[in-house]
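Novice: The structure under discussion is supplied below as structure tokens; questions concerning it will follow.
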Amino acid sequence: MTALDERRRRVASALGALGAAAVIVLGAACSSAPQAPPSEPASAAPPGAATAAEDDAAPEEPDAPVLAYGATHVFGDGNAVTVSGPVVGPPAAGAPFPRSLEVTVTVRNGTPAPEDLSRFGVDVTVPGDREAPSVDDGLSGTLAPGEERTVPLRFALPDPGPTEVTVEVAKADQDAAGEDIPGSDEVPGSFAFWEGQV
Numbered sequence: 029m030t031a032l033d034e035r036r037r038r039v040a041s042a043l044g045a046l047g048a049a050a051v052i053v054l055g056a057a058c059s060s061a062p063q064a065p066p067s068e069p070a071s072a073a074p075p076g077a078a079t080a081a082e083d084d085a086a087p088e089e090p091d092a093p094v095l096a097y098g099a100t101h102v103f104g105d106g107n108a109v110t111v112s113g114p115v116v117g118p119p120a121a122g123a124p125f126p127r128s129l130e131v132t133v134t135v136r137n138g139t140p141a142p143e144d145l146s147r148f149g150v151d152v153t154v155p156g157d158r159e160a161p162s163v164d165d166g167l168s169g170t171l172a173p174g175e176e177r178t179v180p181l182r183f184a185l186p187d188p189g190p191t192e193v194t195v196e197v198a199k200a201d202q203d204a205a206g207e208d209i210p211g212s213d214e215v216p217g218s219f220a221f222w223e224g225q226v
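For the sequence shown, the numbering used here gives the first residue as 29, with consecutive numbering after it.
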């Protein structure tokens, strides 16, 4: 299962749970004064059947963009990210993997407010949904409106030979205090993928 498939599965499950909760809330909000229970069951469906049906009917997550290296993705808020073609190198110091991989990530602040780069997470996976661990700290600092920054990031590559590499860039939302909102980088529209052979 690829990282994209796993993310789709998690989002579909979350959407199903939200749908079930919405039905319960709407049902409670629309009900009138309490009534006596009916003498016969209103439905012969076993408990939990509606939830399973709603899960099956849950809309598929819109596909996250899967781009070629060098392409630019613009998030809904106007921030733009470009991931350059990865460069394979010698093993990273202290990493138990045979090669390293360097990608260059460029972020352009397309919003009218300063942008905290730590909101952008960069992950690399190879076939089998295996992670290529980062050997750098990731993106950091602040971009002024209209400013652009290019940062090289290195990862320990677990495969010794040619392989497909997926780079995921996810962007978290923040609350008024500037804290990341948990899970906001997993909703549709908050991430994009770049894929290719190295």
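C-beta atoms are modelled at their ideal positions from N, C-alpha and C, and glycine is treated no differently.
Look at the Cβ atom of V135, then the Cβ atom of V109, and state whether they are nearer than 7 Å.
Specialist: yes
Novice: How about L129 and F183: are their beta carbons less than 7 Å apart?
Specialist: yes
Novice: Tell me the DSSP secondary structure of L185 in three-state form.
Specialist: strand
Novice: Please go through the same chain and pick out, in chain order, the residues whose beta-carbon is closer than 8 Å to the beta-carbon of T139, but skip the five residues on each side of it.
Specialist: D105, G106, N107 and P173
Novice: Please go through the same chain and pick out, in chain order, the residues whose beta-carbon is closer than 7 Å to the beta-carbon of S112, but skip the five residues on each side of it.
Specialist: Y97, G98, V131 and T132
Novice: Between the alpha carbons of S162 and R127, how many angstroms are there, rounded?
Specialist: One C-alpha to the other measures close to 12 Å.
Novice: Tell me whether E214 sits in a helix, a strand or coil according to DSSP, three-state version.
Specialist: helix
Novice: From E175 to G122, what distance separates their C-alpha atoms?
Specialist: For E175 and G122, the distance between alpha carbons rounds to 35 Å.
Novice: Taking the DSSP output, what are the residues bridged to V115?
Specialist: When DSSP reads this structure, V115 sits in a beta bridge with E130.
Novice: Measuring CA to CA, which of A198, V116 and T191 is closest to V215?
Specialist: A198
Novice: Between the beta-carbon of E196 and the beta-carbon of F221, is there less than 7 Å?
Specialist: yes
Novice: Output the distance between the C-alpha atoms of L171 and D165, rounded to the nearest integer angstrom.
Specialist: Each residue's alpha carbon lies about 17 Å from the other.
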